């Protein structure tokens, strides 16, 4: 028994329940938000340390051993993702103190954040595919509630698109789970490794793999069914947008890495070729959509799509170096993308708009904000020595080694277009003068922003910027961690042995 595996799921559930108990006291909810996400961060870091030093951690619910009972499993990939979720949860909880209205807190902002984190961590740590579906639905329900909190028209329109495609994805996922159980008689991932390999008609296994691919592709916002993301992520409060940007699509990406390294590696020439084409088109459509936008959150939302393509590219190439690059890129992107949304929120509170045509002059007025923007922006574009450069370098090098010249060219061009988008935000929001037509409104917003609120917003932004610098400048330990995670993915029997032991 390794109870530390359950803590990242239990802690947010307990914090969410306590928040509901004290729903009348907004200040207590705020404190629970900070303490709960802080405890989650400590527990997840401890879990990662134990997983790295002692190997894969397994906890059987009710002491029913796998494959008969429900198990939680923390390998390095799952533990890394859990730490990243906890970092973002804590950062957003602090940011929310300054930006979330009293009405939204009263309507359940903090309990929903805790529920979302429980669903995300549960998805990263579950050891069977049915419970993966359950945790995905938990985070879907909580994210939908967060998306419509406030009830504004734009939120409702975005929520309809968001929930429609994600429900379609969930239906496909449930169908795939059912077919898998009907074919193998098990849903435990470790048990499925051998059972799927023993299926006589491997063509049917490939069909089921494609169902999972489409389902998780939708949840990852991969091409072609990605348009729900830029239609919805710009509508909720910016703290919620940042949490969504960092985490929700990564659950789909995590599932793709899990399934297409552990379960569906029987026909790599077919399945991973499809993943490679998906990666290329995801990169292109996302970056072109971003280039056409002039609203900060819409630009950043389209760039979520384009950057997902790099992660899928690492999986699709399916070499040791490519998998390392994929994991490294996930770690970089979750931090950087959420931070860009948080910086965009500060711009809004200082200028009263996200529209680049209505804002400007921030470099002269707040040069420190410009620096805090440049760190994640240049990292996203892949400028050395920041974290994004190393992530892209590893993946592109893996593509060159495989002589996949087409996807390498796409990745390089998308990197340049990403830099164009970041320069556009810099030039419009920071460098050019504040447009006179909107100067009075901007001055009113700047004057109305309390110093305490600004400090609370800058604290998580600064911490995430420092983390971005560490991932880039101190890339070696991060690379070694990603390498260890990739090694486990390349050897499914390590996972199988940890979960099933001598019963396999």
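Residue numbers (the numbering used here): 1011 to 1514. Positions of the beta carbon are idealized from the N, C-alpha and C atoms, including for glycine. Bear in mind that the values here come from a model prediction, so they are computed numbers and not experimental data.
DSSP state of residue 1201, grouped into three classes? Residue 1201: helix per DSSP, three-state reduction.
Residue span of the beta strand (DSSP E) that contains residue 1302, given as start and end: In the DSSP annotation of this structure, residue 1302 is not part of any beta strand (DSSP E), being labelled neither H nor E.
Distance, Cα to Cα, residue 1260 vs residue 1478? The alpha-carbon separation between residue 1260 and residue 1478 amounts to approximately 18 Å.
What number of angstroms, rounded off, separates the C-alpha of residue 1360 from the C-alpha of residue 1461? 11 Å
CB residue 1286 to CB residue 1417, shorter than 8 Å? yes
So the alpha helix (DSSP H) residue 1517 belongs to, where does it begin and stop? Because the chain in this structure spans residues 1011 to 1514, residue 1517 falls outside the shown range and cannot be described.
N-terminal and C-terminal residue of the alpha helix (DSSP H) that residue 1391 is part of: 1377-1391
Taking only the alpha-carbon atoms, compute the straight-line gap between residue 1355 and residue 1249 and give it to the nearest angstrom. Our two residues, residue 1355 and residue 1249, have alpha carbons roughly 8 Å apart in a direct line.
Who are the Cβ neighbours of residue 1443 in its own chain at under 7 Å, not counting the five residues just before and after it? 1370, 1371
In this structure, what does DSSP give as the bridge partners for residue 1069? 1082
Segment limits, alpha helix (DSSP H) that includes residue 1041: 1036-1064
Is residue 1196 helix, strand or coil when you go by DSSP? coil
With 16 other CB atoms within 10 Å as the buried threshold, where does residue 1503 fall? exposed
What did DSSP end up calling residue 1136 once you bin it into helix, strand or coil? strand
Is residue 1015 closer than 8 Å to residue 1069 when the C-beta atoms are compared? yes
Which partner residues does residue 1365 have in the DSSP bridge list? 1305
Which one of 1420, 1318, 1165 has the shortest CA to CA distance from residue 1236? 1318
Among 1322, 1056, 1108, 1184, which one has its Cα closest to the Cα of residue 1458? Relative to residue 1458, the option among 1322, 1056, 1108, 1184 whose CA is nearest is 1108.
Take the Cβ of residue 1229 as the centre, count every other Cβ of all protein chains shown within 10 Å, and call the residue buried at 16 or more, exposed below. buried
Quick check on residue 1243: does DSSP put it in helix, strand or coil? coil
Indicate the three-state DSSP secondary structure (helix, strand or coil) for residue 1162 in the structure shown. coil
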